[in-house]
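Under this note's numbering, the first residue of the sequence shown is numbered 3, with each subsequent residue one higher.
The beta carbon of each residue, even a glycine, is placed where N, CA and C say it ideally should be.
Predicted model, so just to flag it, every value in this text is computed and none were measured.
These notes are about the structure you will find just below.
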Amino acid sequence: MRVIPSIVVSIVLLTGCKKAQPSAPYVATGGDVNIVADDNGFTPSKVEIPKGKATRLVFKRTSDGTCATDVVFPELSVKKPLPLNQPVVIEVPVGEARTYAFHCGMGMFKSSVVVQ
Ligand SMILES: [Cu+2]
């Protein structure tokens with residue numbers, strides 16, 4: 003009797019960080035900037051804000067296949083959970099030219115806001 007090889011189906015669960023795909027910098031002009039958190043990390047992953055232009059970052063997580071369930075701004079001592087499909091607003095100081103890094107709760111998907 004022949005042995006029929008069994009077919010093994012591997013299911014890869016996306017529970018960890020994938021390597022973030024770099025996106026083109028988004029140049030803000032003031033007002034709201036929408037940032038999506040999904041399987042590719044944060045998009046846009048780099049936001050440029052003109053100095054002095056009041057800007058709100060509106061994060062929305064649109065996927066469960068991502069570890070970006072929190073967003074962390076270390077320099078601002080901000081850590082906020084990103085509930086699925088709910089906008090989460092973070093205001094970044096725009097008074098001085100500097101860069102604020104942000105990333106997921108595990109320190110991956112490194113992204114930044116550049117006030118210039
Ligand atoms: Cu992560």
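Sheet register partners of residue i (DSSP bridge)
i: A33; result: A small correction: the amino acid at residue 33 is Gly; Ala does not occupy that position in the sequence shown. G33 pairs with T57.
i: D41; result: BP columns for D41 are empty, so no partner.
i: K112; result: Per DSSP, none; premise fails for K112.
heavy atom of ligand 1 below 7 Å from residue i C-beta
i: A39; result: no
i: F75; result: no
i: G107; result: yes
i: F111; result: yes
i: A103; result: no
i: A70; result: yes
Coil, strand or helix - residue i by DSSP
i: L86; result: strand
i: E77; result: helix
i: V11; result: In this prediction, V11 has a pLDDT of 31, which is less than 50 and means its spatial position is unreliable; what the coordinates show is noted afterwards. Coil, per DSSP.
i: E98; result: coil
i: A70; result: coil
i: T17; result: Annotation note: pLDDT 49 at T17 (below 50); position unreliable, no value reported.
i: A26; result: coil
i: C106; result: coil
i: Q118; result: coil
Supposed contact pair residue j and residue i - C-beta distance, whole angstroms, cut 8 Å
i: V91; j: R63; result: Not quite, the Cβ-Cβ distance comes to about 14 Å (not below 8 Å), so this is no contact.
i: H105; j: V74; result: 6 Å
i: S114; j: T101; result: 5 Å
i: L86; j: D72; result: So it is not a contact: roughly 12 Å between Cβ atoms.
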